[in-house]
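These notes are about the structure you will find just below.
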Amino acid sequence: MGGEIGATQVIEWRDEAEETLRKAQKLCTAAQLSLQKTLQDLTAQLPSELESVEYFFDSYQSQYELVDKQIKSLKSMLTENVDKVFADIDGVLVPSLNELDSTIDTLKGIAVPSFVLSGERESKTLLDFIATESIDLIKGNIHIYRTNCTKIKNLLSDEFQAGILNLYQQFSTQHSIIDNEFDHLGPIQIEFRTAHGNIIESKGALGTTLQENQALEDELVSLLQMLTNHFDQCNRAVELLSSPSSNVNVNMEVLANDAKELSEVFKDLTSIYDIVLTNETKSNKMYQQYSTRIRTSRDFIKQELFKMRDFKVSTLPKFLVLLHESIDILQTCSITDVSLKELSPCEIYSETIKQLVFHYSQFIEIYETRYLTELHHEEFVYPKKFLKKIRDFLNEDLYRMQLEETSHRRNWLQKYGEFIPREFKLPGDNEMPAVVQVITEGLEQIQKEDGVEKFNDGEEKKLLNLIRSLKEK
């Protein structure tokens, strides 16, 4: 077989093998660069970018949760310090004011006739005898307080909506967008975590691509090695045919067969190279897809972190200052009673009103149930008893005693008078003690001006009718 193949043929094979090897090496170099780029993108660049955006995302999540907590804290403060004031106004202060108004109406509706007044000719009501200036003052202060509360609530509501809630709504909207964008990175996050640092062993899209590239690289190396070996064998054959004394051993039959299959081997290598390029395109597309997602997420997150920082260092502190100043005003009361310092303004006003209502209610009760009765007793009941006692004494006890004394003196004179000299003071001749005039005071209500005892039925009837009407209410 060796004798049939000449040097010219072998040189031709060598030249063809050299050219094929040169082209193969060029393709393999290009393929290696492609494989290396894919490996770099998927095992180094992409994990680095992913780690970076995960760090930003974790920081962003923490800041968002902090802002969310701050918003909830503000809402709680507004509820406890502002809304509660209005709840106290409606539940504590307004009922007390209504009770005061009702009591004032009651005072206004209770007549005080002129005959129970000293030196007054016109009838009045109980309301005329209380200091309405104090009522007007406390009502005026309460009106100012409620007006200030309403203004403060409206101001806080507007500022909270415009400066806080609107921003928070924007944060929430962007949070959903960022969450959705970040969710697209889930597949590679899972793949990197489950690979435990060796992404090539992963069964995911990245691992499958890298494993396929590894296999293609092995095939390229194998084919390039085959071409290199064939070229070496061609050189050895040229040496053998050029120098018959050479001890180089070459199997010409195998060499001829390899030369025959050279084009097929190069064709296979080219096909693998094409697959490598196709894989590079696919992996680059996948890398760019995730890299774009990462970049988009990172840009969104950076923007939101900047906005949140501005919110925390500017917007939030300004609102907190306004809120605390407003709370101070809401907790300020015009009544500065040390004993009430633990109470809220609404409670202080309510307690003060209750004290007024209690005092006025006592006034009403005493007037209706005690004063008029006592007045009737002093002006009519007792004077009648007193006069009756005088009349009974004059008409019965004193008259009987005078009769007894007259009879006693007459009988004594008849029995012993003739024995008594006229120079003696003769018993029976002395003037009998007698009541010439009875002078009384404090009975004007039941006597005429001339002192004649005549009961003032008209005045007493008016008073009794007044007492009866109040009892029948």
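For the sequence shown, position 183 matches number 183 in the UniProt record's numbering, and the numbering has no gaps at all.
For every residue, glycine included, the Cβ atom is placed at its ideal position computed from N, Cα and C.
Look at the alpha carbon of L387 and the alpha carbon of E404, and state the distance between them as a whole number of angstroms.
In a straight line, the C-alpha of L387 is about 24 angstroms away from that of E404.
Identify the continuous alpha helix (DSSP H) that holds V221 and give its terminal residues.
Boundaries of the alpha helix (DSSP H) harbouring V221: A205 to S242, taken from the DSSP string.
Is it the case that the Cβ atoms of F266 and T20 are separated by a distance below 8 angstroms?
Their beta carbons are under 8 angstroms apart, which means F266 touches T20 by this criterion.
Suppose the cutoff is 8 angstroms on Cβ atoms and the five residues either side in sequence are ignored; what does the same chain contact list for L322 look like?
Answer for L322: L155, L156 and E159, listed in chain order.
Is K26 helix, strand or coil when you go by DSSP?
Helix at K26.
Distance, T332 Cα to S59 Cα:
So the two alpha carbons sit approximately 42 angstroms from each other.
Can you list the alpha helix (DSSP H) stretches of 4 or more residues lying completely in the region 31-80, in chain order?
Listed in chain order, the complete alpha helix (DSSP H) runs (minimum 4 residues) inside the region 31-80 are 46-78.
A131 in three-state terms, based on DSSP:
In the structure shown, A131 sits in coil (DSSP, three-state: anything other than H, G, I, E or B).
Buried or exposed for H408, going by 16 or more other Cβ atoms inside 10 Å?
Counting Cβ neighbours within 10 Å, H408 comes out exposed, since fewer than 16 surround it.
Using 8 angstroms for Cβ pairs, my map puts L305 next to Q63. What's the rounded Cβ distance?
About 6 angstroms separates the beta carbon of L305 from that of Q63, a gap short enough to meet the 8 angstroms contact definition.
Would you list the one or two residues that DSSP bridges to K124?
DSSP lists V112 as partners of K124.
Between the CA atoms of E347 and Q362 - distance to the nearest angstrom:
Straight-line spacing of the CA atoms in Q362 and E347 works out to 22 angstroms.
Whose CA, out of D68, S114 and P345, lies closest to the CA of L93?
That would be P345, whose Cα lies nearest to the Cα of L93.
Segments assigned alpha helix (DSSP H), at least 4 residues, entirely inside the region 285-341:
The DSSP assignment places 316-330 as complete runs of the alpha helix (DSSP H) inside the region 285-341, in order along the chain (cut-off: 4 residues).
What is the DSSP secondary structure of H184, reduced to helix, strand or coil?
H184: coil per DSSP, three-state reduction.
Hey, quick one: how far does the alpha helix (DSSP H) through V85 stretch, first residue to last?
It spans K84 to D88 - the alpha helix (DSSP H) in which V85 sits, taken as one unbroken run.
Closest to S263 by CA distance: which of L223, D328, L35 and T440 is it?
Put simply, of L223, D328, L35 and T440 the residue whose alpha carbon is nearest the alpha carbon of S263 is L223.
Look at the alpha carbon of W412 and the alpha carbon of K384, and state the distance between them as a whole number of angstroms.
Cα to Cα, the separation comes out at about 40 angstroms.
With the cut-off set at 8 angstroms, would you say V438 and I390 are in Cβ contact?
Contact flag set, yes.
Measure the CB-CB distance between D41 and Y287 and report whether it falls below 8 angstroms.
The beta carbons of D41 and Y287 sit closer together than 8 angstroms.
Between T443 and the rest of its own chain, which residues show a CB-CB distance below 6 angstroms, the 5 nearest in sequence each way excluded?
Note that residue 443 is Leu in the sequence shown here, rather than Thr. Within the same chain, L443 has close Cβ partners P383.
Taking only three categories from DSSP, how would you classify G458?
Three-state result, G458: helix.
G451 burial status per 10 Å Cβ neighbour count (16 or more: buried):
Low confidence applies to G451: its pLDDT is 48, below 50, so where it sits in the model is not reliable enough to give any reading.
Tell me the rounded alpha-carbon separation between L466 and E122.
Roughly 16 angstroms separates the two Cα atoms.
For a test of the three-state rule: what should DSSP assign to V250, helix, strand or coil?
Coil.
So for G163, helix, strand or coil by DSSP?
Reduced to three states, the DSSP call for G163 is helix.
F266 (DSSP reduced to helix, strand or coil):
F266 falls in the helix class under three-state DSSP.
Status (buried if at least 16 other CB within 10 Å, exposed otherwise) for G91
Exposed is the call here.
Can you tell which of K139, Q25, S326 and S242 has the C-alpha that lies nearest to the C-alpha of residue 550?
This structure cannot settle anything about residue 550, because the visible part of the chain is limited to 1 through 473.
Starting from F358, trace the alpha helix (DSSP H) in both directions and tell me its first and last residue.
For F358, the enclosing alpha helix (DSSP H) begins and ends at P345 to I366.
Hey, how far is the Cα of H324 from the Cα of G119?
Going from the Cα of H324 to the Cα of G119 covers about 58 angstroms.
On a CA-only basis, which of N166, S102 and T281 is nearest I71? Give me that one, please.
Among N166, S102 and T281, the Cα nearest to that of I71 belongs to N166.
Can you list, in chain order, the residues of its chain with a C-beta nearer than 6 angstroms to that of K471? Leave out the 5 residues immediately preceding and following it.
A distance below 6 angstroms between beta-carbons, with the five flanking residues on each side excluded, links K471 to no residue of its chain.
Extent of the continuous alpha helix (DSSP H) to which E404 belongs
For E404, the uninterrupted alpha helix (DSSP H) run begins and ends at L398 to Y416, by DSSP.
Run the CB neighbour count on E423, radius 10 Å, all protein chains shown included, and call it buried at 16 or more, exposed below.
With fewer than 16 Cβ atoms within 10 Å of its Cβ, E423 is classed as exposed.
Quick check: D300 and I178, are their CB atoms within less than 8 angstroms of each other?
Inspection of the sequence shows that residue 300 is occupied by Phe rather than by Asp. Contact check for F300 against I178 passes: the beta carbons are separated by less than 8 angstroms.
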